[in-house]
Structures are given as structure tokens and as C-alpha cells.
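Worksheet: one structure, shown below.
In this note's numbering, the protein residues as written are 300 to 863.
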């Protein structure tokens, strides 16, 4: 394996790139910041080790989340990058066997992720200085981190064998990782411990599903008695189930990767032209075909941005049929979420007559508001990460440089093409929230504030994607960095919930101010967060940050236009 040329090339290339250096710096910096924030200046803690265990929990979950965020950046583009550079055919035509190519790509892609995990080991070992934690627990945490790096990395490598473009492989990989990691929800209080309902067979199935999540496995190691680790009584702990399942799935994905490389994917076929005659019937399409065989679109109006029109006509993620499907899915999910929340609240209250029924409406508004922002966070980077990189990779940017379009026009057009689809998705989820006005008209103030937070999130996500797209030359890299920034702000900062007692109220508020999900819940009227008053400060900070990134993007586009 050491003499494998693919492995040597992948490892050396990965370690020499700026992306690898930046990721390692961010990983170690994030770990150091967590230690600095959690470390008690008094040194040793109580003998029971409750505070020490919270510190270990935050460090372990924090490193696990960073591993999950960084894995697709290397593994999901392992095969697609070869296709984009048209070097995969050369590799397959060489004297190397397909399994040697596959193993070299696997080992080369996973080596850097494993180095990241090992570089964070001293941070976990530092918990020994506080006492209350055994060496076996720290070793178990490190083992789960190493296994998770391989487990999640193999998903990205398998997706890379099916895709033609790196940014699409990264998007699909992030979606799969999100589903895998959040499969633990069935054992959490947010689902009212769904895993405990039903018979033994039902509990066993849900227990196995929750065991697929590395997040649940890590929680069962560092917080075995937590309400987030409630499983079936007849089943082993989650981490004992996770280890064989991760090994089995890793082996299956490895075999699938080998099979895919033995049968490489065919190049994409060009889209078929629309038929002029369908089943012998005369249509107006035939008449227009005689006049305009190419069926050209209408001329671009003087008041329209030509760059924005070009984006909507050429980018696959902005095609009308995909947008309509996404809008329909968002509308259905938001309405179903309202029913789920209403049933959950009714189950928790138990039908007691002394409960105020008006408390149900803020809970439903909070659920829809959180869903609205989470959808923007998860879908936004996929639509904005390749705003400028896609043109640079396909050579369209060289043509745009020869036009009379200014840098401002280009950035504004890209920005319009990025935020309009996100606005449509937000509008698709709006009816689910507006229905609540029929039951409680006093919620209109909260709903307006939710739309303000969602609008600012759209501007921030769209500008962040364009900002990274102006800095990095490749769509996959820009998309990965956009996902890393947005997901870290919106989801990773929620780790503070695991150890709120270790932080001051001011620090918790400072973290939540940067979180659009928490700000949306505050705007919707969630009692536990509303007392922090996050919305005004959140809008100001995000507004300034968005303006700065937009200006930097304009400057970068002007520099690229003048570059030789």
C-alpha cells in the first residue's frame, strides 16, 4: 500500500494545498477555543466529575462535528476531480488494477481526515488534568472519532463514483451525512422518545436506526445516563451497536466503490431535442420550429440583468422544474410539521384542562420558523457556492471578461440568481405559518419578525456563497467552505446547549446572537429563548457581515476582470 503511486500522489497533494493547511488550522483553533472557554482556572473539579464530563462532552461532540464537516471536502471530490481533469480514463488505462486505484484513492482521501482526528487527541487528553474521567473513556472517544472519519468518508467516496461534478458530489454527500447523523433524533426528547413506544420489534428497529448515527454513539460514551441516550432495554448501548454497523457499512461501501471503478460511469449524454411532432398531431411548436429552429428564448429586456437571466437559463440547480419540486416539498413538509408539533404538544400536556391552549400556537410557529431557517442553511450553499467558480471552470468567465459588463453588474446578477430561489423556498413555507393567524391574530408581529430573520439569512447565505466563490477557483472548494461557515454558525453553535451550566448567561447570549436558528425561534416567541432578545443584535451583525462580504466580492470580481 505504501508503494501505491495513487496513495503517494493523493497524500502529498492533499498535504501541500492551502485548503489542507486552512482546515487543520481551523480544526485545532476550534479545539483550542473550546478548551479555553471550558477550562476552569481553579484546576481540579469536584470528585463526581460532572463538570469535567460536560467538558469532555463538548470537546468530543465538537471534534465529531468538525470531522463530519471536513470529510466531504476531501472524499467527495476524489473521483469526480479525476473526471473533471479527464485523467480517470488514463488511470484506468494504466497497468494499475482497479482495486489498486480504488484503495489508493480511499487511503489518500482518508489519510488527512485521520491526521485531523489524531491532531485533536492532546485536547482530549488534557481532561485528565481535571480528573473524574477514565482513560478508557478518552480512548473510546478517540476510537469513535477515527471510525467516524472512515465511516463518513466512505460515503463521500461512494457518491464520488456516481457523479460527474465535484460540487454535486459534495452536496449529495452532505445531505446523506445529515440524514445519518440526525437518525439519532428517534431517541431524543424532541421526538418524545419514539424509540420506547411499540413492541420489542419496533424498539429494536428504531434502536438500530439510532445506532447508525455517530452523534448518538458519542453521546452514549460521554453521557451514558443522559435523556439523549435512552434506548431499548433489550438492546446493547448505542456505541456497541455503532462499531459493528459502521465497520459493516464501511466494508459494503468499499466493495461498492471497487465495483463502480470496475464499471466506470459513462460520460453525460447531451440533452435530447424536443420532438416537433408528437404522435402525428399538429402543434404550434412545429410552426415556430420553421421560423426559429433553436427555439430561442425572448430577448433580455433593458431593465433585466443579463447575468441573472443567463444563470437561470443555464445552471441546473436553478431550472424551473427543480425549483417547483423543491417548493412543493417545502410546502408539504412545513404543513406536516405543524401537525406533528400539535400532536406532540397534545401528548405532552396529556389533555389536561388546566393547560393553556394558546401555548400550542407559539410552539407550532417556532417549529416552522426553525424549519424555514434550517432549509435555507442546508440548501442555500448548494445554490450559491458555484456562482463564479462554475463560469471559471467551464471557460465562460473568459467570455464574460470580453463583454462591457461591469464588475458590479456581474456580482448583482449572480446575487439575484442566488437569492431568488431561496426566496421562493421561503414563500413556499410561509402558508404554514400564516395559517396560525386564523387561530391567533396576535402572532402577526412574531411572524413578521420571523420573515425578517429568514430574509437576512437568505442575504447572508447568498453573499457567503458568492464571497467564497470569488476567492476559490473550484466549485467544490467554494461549496465546502460555504457549507462549513453556514453550518458552523447555524448548527454547530447549538453545542452550547450541552453545557449551558459551564458558561455565563452573557456568553450563551453572544453565541445565540450569531445563530439564525436561535434568532428565528426567538422571533417566533419560544419562551426559553425569547428572554435573551436576540433578533435586533442578530440582524445588525448579519447585516454588517453581509455588506462586507458583498463589497469584497465586488472587489474580487473587478480584480479577476483585469487579471491577464
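Positions of the beta carbon are idealized from the N, C-alpha and C atoms, including for glycine.
Please read these numbers as outputs of a predicted model, since none were measured by experiment.
Expected contact under 8 Å - CB spacing of residue i and residue j to nearest Å
i: residue 762; j: residue 848; result: 5 Å
i: residue 679; j: residue 760; result: 3 Å
i: residue 834; j: residue 821; result: 6 Å
i: residue 375; j: residue 459; result: 5 Å
i: residue 877; j: residue 633; result: Outside the displayed span of the chain (300 to 863) sits residue 877, for which this structure offers no information.
i: residue 440; j: residue 351; result: That belief does not hold up - the Cβ atoms of residue 440 and residue 351 are roughly 13 Å apart, past 8 Å.
i: residue 465; j: residue 323; result: Not really, about 21 Å apart at Cβ, beyond 8 Å.
i: residue 247; j: residue 783; result: This structure cannot speak to residue 247, because the chain is shown only from 300 to 863.
i: residue 544; j: residue 519; result: Contact flag wrong, Cβ pair sits at about 13 Å.
i: residue 668; j: residue 819; result: 4 Å
i: residue 672; j: residue 546; result: Not confirmed; about 36 Å, so no contact.
i: residue 630; j: residue 720; result: Not quite, the Cβ-Cβ distance comes to about 15 Å (not below 8 Å), so this is no contact.
i: residue 310; j: residue 410; result: 5 Å
i: residue 531; j: residue 503; result: 6 Å
i: residue 359; j: residue 517; result: 5 Å
i: residue 523; j: residue 536; result: 7 Å
i: residue 354; j: residue 337; result: 5 Å
Beta-carbon gap between residue i and residue j smaller than 8 Å
i: residue 756; j: residue 675; result: yes
i: residue 463; j: residue 382; result: yes
i: residue 371; j: residue 469; result: yes
i: residue 452; j: residue 400; result: no
i: residue 366; j: residue 448; result: yes
i: residue 723; j: residue 828; result: no
i: residue 454; j: residue 552; result: yes
i: residue 677; j: residue 477; result: yes
i: residue 765; j: residue 683; result: yes
i: residue 852; j: residue 769; result: yes
i: residue 450; j: residue 361; result: no
i: residue 408; j: residue 456; result: yes
i: residue 735; j: residue 660; result: yes
i: residue 742; j: residue 664; result: yes
i: residue 533; j: residue 500; result: no
i: residue 525; j: residue 479; result: no
i: residue 774; j: residue 715; result: no
i: residue 356; j: residue 521; result: yes
i: residue 610; j: residue 685; result: no
i: residue 739; j: residue 824; result: no
i: residue 860; j: residue 624; result: no
i: residue 529; j: residue 557; result: no
i: residue 758; j: residue 845; result: yes
- Message: Runs of 4 residues minimum, wholly inside the stretch 693-737: which ones carry the alpha helix (DSSP H) assignment?
- Response: 695-700 and 706-733
- With a cut-off of 8 Å, do at least 3 Cβ pairs link the stretch 811-820 to the stretch 723-741? no
- Can you list the beta strand (DSSP E) stretches of 3 or more residues lying completely in the stretch 766-847, in chain order? none
- Query: For the stretch 418-428 against the stretch 323-332, are there 3 or more C-beta pairs whose distance is under 8 Å?
  - Reply: yes
- Okay, do the stretch 431-448 and the stretch 394-402 touch, 3+ Cβ pairs below 8 Å being the bar? no
- Item | Validate contact between the stretch 302-310 and the stretch 397-410 using beta carbons, cut 8 Å, 3 pairs | yes
- Task: Check whether the stretch 598-608 touches the stretch 704-721, counting contact only when three or more Cβ pairs, one atom from each stretch, lie closer than 8 Å.
- Result: yes
- Query: Could you give the uninterrupted runs of the alpha helix (DSSP H) lying entirely in the stretch 409-482, keeping only those of 4 residues or more?
  - Reply: 420-424, 434-459 and 465-480
- Message: As an exercise, report each continuous alpha helix (DSSP H) stretch of at least 4 residues that is fully enclosed by the stretch 498-548, in chain order.
- Response: 499-510 and 513-521
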